[in-house]
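Q:
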Amino acid sequence: MARMPCPQEKVLNDVMRSAVAEFVAAKDRFDVEGRAYIPGSWFHRIKRRVQGWTVPERGWTATFPSKFVERTIPFSEVFFRASKAQPMTIDSRMIVSGAFNYYTDDERSDQAVQRTMDRSDEYACRELLKYPFAPRSCQIGTLPLIVATEGKNRVALFKSHTRPMQSMVAPTAYPDASSLMIHRSWPFKVYSLRFGQCRRVLPLPEAVLPILKAYGVKTSQTVTFSIRDYLDLRRARVELCNSQMGE
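At position 30 of the sequence shown the residue is numbered 29 (numbering that gives the first Met the number 0), and the sequence of numbers has no breaks.
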């Protein structure tokens, strides 16, 4: 007989799912705000430059879901291994996606959208995995965080219709919470994550810290002085902004 989760486990699971849903929503906002950005006053432009936010030379389309996750959640890896993939039905709020190739008005009609979603779900099986239309995703460790690698645009349709999405999901490794440690440095209040002897900054701490804490990662009580963290933060944010989907 399967063991029923205790109330505390359910609370922790709900906290994690809420944190992941907010992370996914933060990615969507990141792209919306990036596409809508209009340079303001010289002070505003300098402030953004100091913080590390930049405008991609070829314009803002949508940040690659895989690169967004790998650069905001240190030590994560998004690599789809077909041999390990299994069909899953996923809450679309848990899927990191990227809307780049926009649908035409005809393709956005109610009937067309339903056909697209139905067809996508039909292709989420091992027998049809070789087809380009088959939705593929990766799961980050044991986190309920799914990253779309194929069908990235389609996810937006499922989200807008609050409909679960079926996808072939391949697991990826992520360090245990006990092997990770959150750090904070001054004078720039930069957050970073340590795994072994390696420490990487968090370019979007407000979106990632809730996931790490819900996962059980502890925070170091020691606050260190570091100018390098600030330089690494700016570099990480520039790389994040430049990770745009293209033709």
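Ideal Cβ positions, reconstructed from N, Cα and C, are used throughout, including at glycine.
Can you name the start and end residues of the alpha helix (DSSP H) that F67 belongs to?
A: Position 68 of the sequence shown, counting from 1, holds the residue named residue 67. Taken as a continuous stretch (DSSP letters only), the alpha helix (DSSP H) holding F67 covers 64-71.
Q: Do A20 and A213 have their CB atoms nearer than 8 Å?
A: In the sequence shown, the residue the question calls residue 20 occupies position 21. In the sequence shown, the residue the question calls residue 213 occupies position 214. It is not a contact, given that the beta carbons lie outside the stated cut-off.
Q: With burial defined as no fewer than 16 other Cβ atoms inside 10 Å of the residue's Cβ, what is the status of K26: buried or exposed?
A: In the sequence shown, counting from the first residue as 1, residue 26 sits at position 27. Counting Cβ neighbours within 10 Å, K26 comes out buried, since at least 16 surround it.
Q: Going straight from the alpha carbon of S75 to that of G39, what length do you get?
A: Position 76 of the sequence shown, counted from the start, is the residue given in the question as residue 75. Position 40 of the sequence shown, counted from the start, is the residue given in the question as residue 39. Distance between the alpha carbons of S75 and G39: 35 Å.
Q: Whether or not the region 227-241 and the region 194-202 are in contact is what I'm after, with contact meaning three or more pairs of Cβ atoms, one per stretch, closer than 8 Å; do they touch?
A: Touching, yes.
Q: Using only alpha-carbon positions, find the residue among Q50, I139, Q85 that is nearest to A176.
A: Taking the first residue of the sequence shown as 1, we reach residue 176 at position 177. Comparing Cα positions, the closest option is I139.
Q: Between A61 and Q165, what straight-line distance do the alpha-carbon atoms span, to the nearest angstrom?
A: Here residue 61 refers to the residue found at position 62 when the sequence shown is read from its first residue. Here residue 165 refers to the residue found at position 166 when the sequence shown is read from its first residue. Taking the straight line from one Cα to the other gives about 22 Å.
Q: Which runs of the alpha helix (DSSP H), 4 residues or longer, sit entirely within the region 79-123?
A: With a minimum length of 4 residues, the continuous alpha helix (DSSP H) runs that stay inside the region 79-123 are 109-121.
Q: Give the DSSP bridge partners of F224, in chain order.
A: If you number the sequence shown from 1, residue 224 lands on position 225. Note: F224 sits in a beta bridge opposite W185.
Q: Looking at C-alpha atoms only, which residue of D13, F63, R44 is the closest neighbour of F29?
A: Within the sequence shown, numbered from 1, the residue matching residue 29 stands at position 30. Of the candidates D13, F63, R44, the one whose C-alpha sits nearest the C-alpha of F29 is F63.
Q: Just reading off the beta strand (DSSP E) that Q149 is part of, what are its end residues?
A: One-based indexing of the sequence shown puts residue 149 at position 150. Sequence check: residue 149 is Glu here, not Gln. From DSSP, the beta strand (DSSP E) with E149 extends over 145-149.
Q: Closer than 7 Å by C-beta to R153: which residues in its own chain qualify, once you throw out the five before and the five after it? Chain order, please.
A: The residue labelled residue 153 in the question sits at position 154 within the sequence shown. Contacts found: T115, S119, P134.
Q: Leaving out five residues before and five after S242 in sequence, what residues of the same chain have Cβ atoms less than 8 Å from its Cβ?
A: Your numbering for residue 242 matches position 243 in the sequence shown. The answer, listed in chain order, is T62, F63, K66, F67, R70.
Q: When burial is assigned at 16 or more other CB atoms within 10 Å of the CB, is Y229 buried or exposed?
A: Within the sequence shown, numbered from 1, the residue matching residue 229 stands at position 230. Buried.
Q: Is it buried or exposed for W185, if we count other Cβ within 10 angstroms and need 16 for buried?
A: Residue numbering aside, residue 185 sits at position 186 when the sequence shown is read from its first letter. Exposed, because fewer than 16 other Cβ atoms sit within 10 Å of the Cβ of W185.
Q: Following the continuous alpha helix (DSSP H) through P204, name the residue where it begins and the one where it ends.
A: If you number the sequence shown from 1, residue 204 lands on position 205. Looking at the DSSP string, the run of the alpha helix (DSSP H) that includes P204 is 204-214.
Q: Taking DSSP's pairing of strands, which residues face Q165 in a bridge?
A: Residue mapping note: residue 165 aligns to position 166 of the sequence shown, counting from 1. Its beta-bridge partners are T88.
Q: With 16 other CB atoms within 10 Å as the buried threshold, where does W41 fall?
A: Counting from one through the sequence shown, the residue named residue 41 turns up at place 42. Exposed, because fewer than 16 other Cβ atoms sit within 10 Å of the Cβ of W41.
Q: Helix, strand or coil: how does DSSP classify L230 here?
A: Numbered from 1 along the sequence shown, position 231 holds the residue referred to as residue 230. It is helical.
Q: Check whether the Cβ atoms of S178 and F157 sit closer than 8 Å, and answer yes or no.
A: On the sequence shown, residue 178 is found 179 positions in, with the first residue counted as 1. On the sequence shown, residue 157 is found 158 positions in, with the first residue counted as 1. Not in contact: S178 and F157 (Cβ atoms no closer than 8 Å).
Q: Pull up the DSSP beta-bridge partners for Q138, would you.
A: Taking the sequence shown and counting its residues from 1, the one referred to as residue 138 is at position 139. I145, P170.
Q: Could you check what DSSP says for S159 in three-state terms: helix, strand or coil?
A: Position 160 of the sequence shown, counted from the start, is the residue given in the question as residue 159. In this structure, S159 counts as helix in the three-state DSSP scheme.
Q: Starting from R199, follow the beta strand (DSSP E) in both directions and report where the run begins and ends.
A: Your numbering for residue 199 matches position 200 in the sequence shown. Element bounds for R199: 197-200.
Q: Can you tell me the Cα-Cα spacing of G150 and Q196, whole angstroms?
A: On the sequence shown, residue 150 is found 151 positions in, with the first residue counted as 1. On the sequence shown, residue 196 is found 197 positions in, with the first residue counted as 1. Their Cα atoms are separated by approximately 36 Å.
Q: Report all residues from its chain with a CB closer than 6 Å to the CB of Y190; omit the five preceding and five following residues, and keep chain order.
A: By 1-based counting over the sequence shown, the position of residue 190 is 191. Contacts found: R183, L201, P204.
Q: Return the CA-CA distance between M87 and C124, expressed in angstroms with no decimal places.
A: The sequence position of residue 87 within the sequence shown is 88, counting from 1. The sequence position of residue 124 within the sequence shown is 125, counting from 1. Cα to Cα, the separation comes out at about 9 Å.
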